[in-house]
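Asks: The listed protein sequences derive, respectively, from chains A and B.
The first sequence maps to residues 1 to 395 in our numbering.
The second sequence maps to residues 1001 to 1395 in our numbering.
A virtual CB, placed ideally from N, CA and C, is assigned to each residue, including glycine.
If you're wondering where the values come from, they're calculated on a predicted model, not measured in any experiment.
The structure under discussion is supplied below as structure tokens; questions concerning it will follow.
Protein chains: 2
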Amino acid sequence: MAFQYQLLHNDLSTRARLGRMLTAHGPVDTPVFAPVGTQATVKTLTPAEIEEAGATLVLANTYHLYLRPGAGIVQRLGGLHRFMGWERPILTDSGGFQVFSLEGLRRVDDEGVTFRSHIDGSEHRLTPEKAIEIQEQLGADIIMAFDQCAEPMDRAGAEAAMRRTHAWADRCLAAHRRADQALFGIVQGGAFADLRAESAYVLSEMPFAGMAIGGLAVGEPKEVTWAMVDVTVPCLPATRPRYLMGVGSPEDLMEGVARGIDVFDSVLPTRLARNGAVFTRRGRLNLRNARFAEDAAPIEEHCGCYTCRHFSRAYLRHLLMAGEVLGLVLNSIHNVAFLTGLMSEVRAAIAEDRFAVLRDQFLSSYTPAPEEERLRQRDAYRERRARERSGPEDK
Amino acid sequence: MAFQYQLLHNDLSTRARLGRMLTAHGPVDTPVFAPVGTQATVKTLTPAEIEEAGATLVLANTYHLYLRPGAGIVQRLGGLHRFMGWERPILTDSGGFQVFSLEGLRRVDDEGVTFRSHIDGSEHRLTPEKAIEIQEQLGADIIMAFDQCAEPMDRAGAEAAMRRTHAWADRCLAAHRRADQALFGIVQGGAFADLRAESAYVLSEMPFAGMAIGGLAVGEPKEVTWAMVDVTVPCLPATRPRYLMGVGSPEDLMEGVARGIDVFDSVLPTRLARNGAVFTRRGRLNLRNARFAEDAAPIEEHCGCYTCRHFSRAYLRHLLMAGEVLGLVLNSIHNVAFLTGLMSEVRAAIAEDRFAVLRDQFLSSYTPAPEEERLRQRDAYRERRARERSGPEDK
């Protein structure tokens, strides 16, 4: 079945919109949050748990799967859906983001990127054609054009990366063959409004099934992120879904939806979960905190997720303190369910033209992690990854 | 509801028997294999997964839960069933086995054992009365007397430990209060037939609800284990369930059932799973092996477990090679389901007086891990634990 996007309703007082993507593996109601399954597994969760947590779309990383186990193996085993036991829609990225985060290990030219594997140091080359070929072997329902992500504040670099991204976009479209896969283009342009608008216009002229906004949420201030989204969205065709890559905090989902974004993905809910941090309507809790040692309440009252239906904060804290894997599993279930549940509320609110009220209510009671804390955690994470030589960054 | 054991059928050609234990949290058909949830979690599995894997009884460790989170906390949170979200029967050990494995960290006298926590070095004391008190706080359906486990080959040590175990058994019975908990006694006596028989007779005279055989499967040769079981079982009353502690390989379950054992527990299925080793009817497979890289088959054809219904050996190998937690989860599900499924077949065979045929068929096609490999893995495990100072040994 060919991909289709149905725009169902525009919110009256914001740019939020209700829609549905029809894919070869079923429908996805939008706005949607997609958890990330970097290595063909949403970390710690079974497909049954992912589905029960309300996810309808998951993302997998081309870079990782290309290196291990290899796209040919996945193809011969029946494709990514069968391989990972997830029969609902899947989106793969192009590998571009990971490759460009491999500092010191990659060399870019107009043809493509040569890089070294973070696993064994072996040399590989990704081009637009190769990125499409790999994604066709993996077999996701939505695949992404190969783009160049640059430092957002460097004008010359951002402009060069944008032009290269446009040239590569043409080559990706030319290389794209499988009719059951929808190919999305990726807007670049760094932190520069004129570049973002240009990129959006240029790519919108090309026959992409959907439009992504890339190169944001990579460390720049939030105001810059939203300013770039505000410039970009009006330049995109209303008839195609819009995907803001790598964004997934509850407050950012609200801000993004209000600006007309339909699709989000992020490792945030599962990564936070593995650090012991869980979402509530009032903000994050860190379950390692001693004050939860005898707390018989669930993470959140009235949350319908498996974790909140069965376990106390005290038990979850015990699992974390004892180093038990089940703690990571149960926290991940809750955090994914929290975001998918939030998006479900968002869709219901848009349908009734009351999204602005929902957003304001949510943001007035939800205290985001302080920016300082957010940056501290990001840096700690980057350092740890560098220490572990555990490869490129996942957003 | 008071505990009850119903002996339903004796196999015609072996000592195997079919029975049912009625507990405050429901029935347990025997022979049964109980997976171990050391720290109030069967490692990596949710209660929903444990139940789907066919487990009807799980074990939790008093030593671990006493130290962390503390038995009082578990009690105030509603007891172990509620704490860990497992509403079916639970068995707790007495803490004795763990305390006696804390070499260099414990001091034993006739009153009890003084030991240091492996977590923070703090000093604690366990006595028969204290072990019962803790187990009453935890609230399992089946609780164990506090016993002394000794080196099986040292006659004087084994005899002294046995006599102390008998004295402590009396004190445990006197301390035992909760009518909804069944207290089991533990036969000791090392590797000496006359001591084993004496211990079985002495403890059988006491009003225990069930009889365990302790101090075996601690490194002695298998022939010794089975010789001691062969001596002990005929000295135990037929009207009470018999529990062989710490035994759980498929071949040992068959041998134990044939000798009249009703209850088994072991960390083996979950520990092997985390090492990448999974059970099949022909023997263990190590899924890290390169030959599984493109193997589209499930671990075992016709296995009905969640893992085998959805995933290939190639995917499981990928998860292991990529260091993904889901690999541990899926392997654990399979290994627990394999043993519970085997016990289900065993019960059906006993009911039809064809257990000996089932055992012979099973053992003729199942290749156990070589003794040498088994000892090597055990030693590697002990060394790793010693290095990690991760505490006492779990069987």
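Give me the Cβ distance between R1017 of chain B and G1283 of chain B, rounded to the nearest whole Å; I'm assuming they're in contact under 8 Å.
Replies: Contact doesn't hold; Cβ gap of about 28 Å is too wide.
Asks: Just the Cα atoms here: how many angstroms apart are D353 of chain A and L12 of chain A?
Replies: If you take the alpha carbons of D353 of chain A and L12 of chain A, they lie about 6 Å apart.
Asks: State the Cα-Cα distance for the pair A24 of chain A and E136 of chain A, rounded to the nearest angstrom.
Replies: Looking at the two C-alpha atoms, the distance is approximately 14 Å.
Asks: Per DSSP, E124 of chain A is paired with what?
Replies: As written in the sequence, residue 124 of chain A is His, which differs from the Glu given in the question. BP columns for H124 of chain A point to A:F115.
Asks: Grouping DSSP H, G and I as helix and E and B as strand, with all else coil, what is R106 of chain A?
Replies: Correct three-state label for R106 of chain A: strand.
Asks: Three-state secondary structure (DSSP) at L12 of chain A?
Replies: In this structure, L12 of chain A counts as coil in the three-state DSSP scheme.
Asks: Run the CB neighbour count on H1302 of chain B, radius 10 Å, all protein chains shown included, and call it buried at 16 or more, exposed below.
Replies: H1302 of chain B should be labelled exposed.
Asks: On the DSSP bridge list, what partners appear for S312 of chain A?
Replies: For S312 of chain A, which the question treats as bridged, DSSP gives no partner whatsoever.
Asks: Mapping DSSP to helix, strand and coil, what is Y243 of chain A?
Replies: Y243 of chain A falls in the strand class under three-state DSSP.
Asks: Quick one: does V1325 of chain B have its CB under 7 Å from some CB of chain A?
Replies: V1325 of chain B counts as touching chain A.
Asks: Grab the span of the alpha helix (DSSP H) containing N331 of chain A for me, first residue to last.
Replies: Segment V325 to A351, the alpha helix (DSSP H) holding N331 of chain A.
Asks: Kindly list, in the order they appear in chain A, the residues whose Cβ is closer than 7 Å to that of R1076 of chain B.
Replies: Those within 7 Å of R1076 of chain B in chain A are E294.
Asks: Would you call Q1188 of chain B buried or exposed, if buried means 16 or more other Cβ atoms sit within 10 Å of its Cβ?
Replies: When all chains shown are included, Q1188 of chain B counts as buried.
Asks: By Cβ distance below 6 Å, which residues in the same chain neighbour N1331 of chain B in space, the five residues on each side in sequence not counted?
Replies: Only A1273 and V1278 meet the Cβ criterion.
Asks: Grab me the residues of R1106 of chain B's own chain with a C-beta within less than 6 Å of its C-beta, minus the 5 sequence neighbours each way, in chain order.
Replies: Same-chain partners within the cutoff: V1099, V1113 and F1115.
Asks: With distances taken Cα to Cα, identify the nearest neighbour of R171 of chain A among A:A179, A:A60 and A:L183.
Replies: Cα-wise, what sits closest to R171 of chain A is A:L183.
Asks: In this structure, how does DSSP classify Y5 of chain A when only helix, strand and coil are distinguished?
Replies: In the structure shown, Y5 of chain A sits in a strand (DSSP, three-state: E or B).
Asks: If we count Cβ pairs, one from each stretch, closer than 8 Å, do we get three or more for the stretch 1310 to 1324 of chain B versus the stretch 33 to 51 of chain A?
Replies: Contact holds: three or more Cβ-Cβ distances are below 8 Å.
Asks: Confirm, please, whether the CB-CB distance from L138 of chain A to A71 of chain A is below 7 Å.
Replies: Yes; because the gap between Cβ atoms is below 7 Å, this pair is in contact.
Asks: Return helix, strand or coil for S266 of chain A, following the three-state DSSP convention.
Replies: S266 of chain A: strand per DSSP, three-state reduction.
Asks: For V231 of chain A, which residues of its own chain have a beta-carbon under 6 Å away from its beta-carbon, when the five flanking residues on both sides are left out?
Replies: Only A193, R196 and A197 meet the Cβ criterion.
Asks: Does DSSP put G19 of chain A in a helix, a strand or coil?
Replies: If DSSP states are grouped into helix, strand and coil, G19 of chain A belongs with the strands.
Asks: Give the residues of chain A in contact with A1314 of chain B, contact being defined as C-beta atoms less than 8 Å apart.
Replies: P69, I73, L77 and F83, listed in chain order.
Asks: Under a CB-based cut-off of 7 Å, is T1062 of chain B close to chain A?
Replies: Chain A, which has no Cβ nearer than 7 Å to the Cβ of T1062 of chain B, makes this no.
Asks: I believe R164 of chain A touches M211 of chain A by the beta-carbon criterion, under 8 Å. Please report the beta-carbon distance rounded to the nearest angstrom.
Replies: About 18 Å; that fails the 8 Å criterion.
Asks: Leaving out the 5 sequence neighbours to the left and right, which residues in its chain are closer than 6 Å to P31 of chain A when beta-carbon positions are compared?
Replies: Once the five neighbours on either side are set aside, the close Cβ partners of P31 of chain A are V257, D262, M343 and V346.
Asks: So which residues of chain B does Q39 of chain A contact, with C-beta pairs closer than 7 Å?
Replies: Near Q39 of chain A (Cβ distances below 7 Å), the residues of chain B are A1322 and E1324.
Asks: For A150 of chain A versus G190 of chain A, is the C-beta spacing smaller than 7 Å?
Replies: Cβ distance < 7 Å, so A150 of chain A and G190 of chain A count as in contact.
Asks: Counting only Cβ pairs nearer than 8 Å, list the residues of chain A close to L1045 of chain B.
Replies: Near L1045 of chain B (Cβ distances below 8 Å), the residues of chain A are L326.
Asks: Please confirm if H118 of chain A has its CB atom under 7 Å from at least one CB of chain B.
Replies: No, its Cβ sits nowhere closer than 7 Å to a Cβ of chain B.
Asks: Output the boundary residues of the alpha helix (DSSP H) element that contains A1193 of chain B.
Replies: A1193 to S1204 is the span of the alpha helix (DSSP H), which, as asked, contains A1193 of chain B.
Asks: Where DSSP assigns a beta bridge to L183 of chain A, which residues make up the other side?
Replies: According to DSSP, which records beta bridges pairwise, L183 of chain A is partnered with A:I143.
Asks: From A:T14, A:S94, A:I299 and A:P47, pick the residue whose C-alpha is nearest to that of W86 of chain A; which is it?
Replies: The option with the nearest alpha carbon to W86 of chain A is A:P47.
Asks: Please classify P27 of chain A: does DSSP put it in a helix, a strand, or coil?
Replies: In the structure shown, P27 of chain A sits in a strand (DSSP, three-state: E or B).
Asks: Given this structure, state the Cα-to-Cα distance separating R242 of chain A from G214 of chain A, to the nearest angstrom.
Replies: When rounded, the distance between both Cα atoms is 11 Å.
Asks: Rounded to whole angstroms, what's the CA-CA distance from V1357 of chain B to L1007 of chain B? Just pull it up for me.
Replies: So the alpha carbons of these two residues sit roughly 21 Å apart.
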